[in-house]
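What follows is a short report on a single structure.
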Amino acid sequence: MGRFVEGANCSQATLLRECLEDFIAEDNPVRIVDAFVDELDLASMGFEGTTPAITGRPSYHPPVLLMLYIYGFLNRVQSSRRLERECQRDVELMRLTGRLAPDFKTIAEFRRSNGAVAS
Numbered sequence: 199m200g201r202f203v204e205g206a207n208c209s210q211a212t213l214l215r216e217c218l219e220d221f222i223a224e225d226n227p228v229r230i231v232d233a234f235v236d237e238l239d240l241a242s243m244g245f246e247g248t249t250p251a252i253t254g255r256p257s258y259h260p261p262v263l264l265m266l267y268i269y270g271f272l273n274r275v276q277s278s279r280r281l282e283r284e285c286q287r288d289v290e291l292m293r294l295t296g297r298l299a300p301d302f303k304t305i306a307e308f309r310r311s312n313g314a315v316a317s
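Residue numbers (my numbering): 199 to 317.
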């Protein structure tokens with residue numbers, strides 16, 4: 199039998215640090231989306247975050263959800279359930295959201311409450 203290329207052992211710890219910046223090319227559109235949203239004054243544009251109950255979990259920052267929304271638009275990912283999955287496995291989205299993975303209900307609620315502003 200011939201030789202095959204072997205992958206890394208996924209259960210073995212590595213000594214090299216893994217920085218998400220190392221996996222994203224300098225000309226990747228994710229960097230443009232990040233810079234674009236950082237320059238926006240979202241409060242004056244009408245983007246609103248939610249105010250959770252005292253006992254609830256803190257809400258996601260609106261720029262994170264807007265970047266996710268723009269990423270989905272640019273990559274033809276319209277389903278909030280699919281965006282949720284992509285946040286968990288796509289390195290570009292991990293870098294864009296800071297490794298946050300909002301659930302599909304949060305993504306859909308952001309679209310519903312800010313859809314007119316984002317259009």
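Using N, Cα and C, we set each Cβ at its ideal position, and we do this for glycine too.
Note that the coordinates shown come from a computational prediction; the quantities given were computed from them, not determined experimentally.
Compute the Euclidean distance between the alpha carbons of residue i and residue j, then round it to the nearest angstrom.
i    : j    : result
E246 : C208 : 41 Å
R274 : G313 : 16 Å
C285 : F308 : 16 Å
Can you tell me whether residue i is helix, strand or coil according to DSSP?
i    : result
G270 : helix
P256 : coil
V275 : coil
I222 : coil
Can you list, in chain order, the residues of its chain with a C-beta nearer than 7 Å to that of residue i? Leave out the 5 residues immediately preceding and following it.
i    : result
T304 : Y258
L218 : V289, M292 and R293
Who are the near neighbours of residue i in its chain, counting only those whose CB is closer than 8 Å to its CB and skipping five residues on each side?
i    : result
M265 : V231, D232, V235, L294 and T295
E282 : A299, P300, D301, F302 and I305
Skipping 5 residues on each side, what residues in its chain have a beta carbon closer than 6 Å to that of residue i?
i    : result
S278 : F302, I305 and A306
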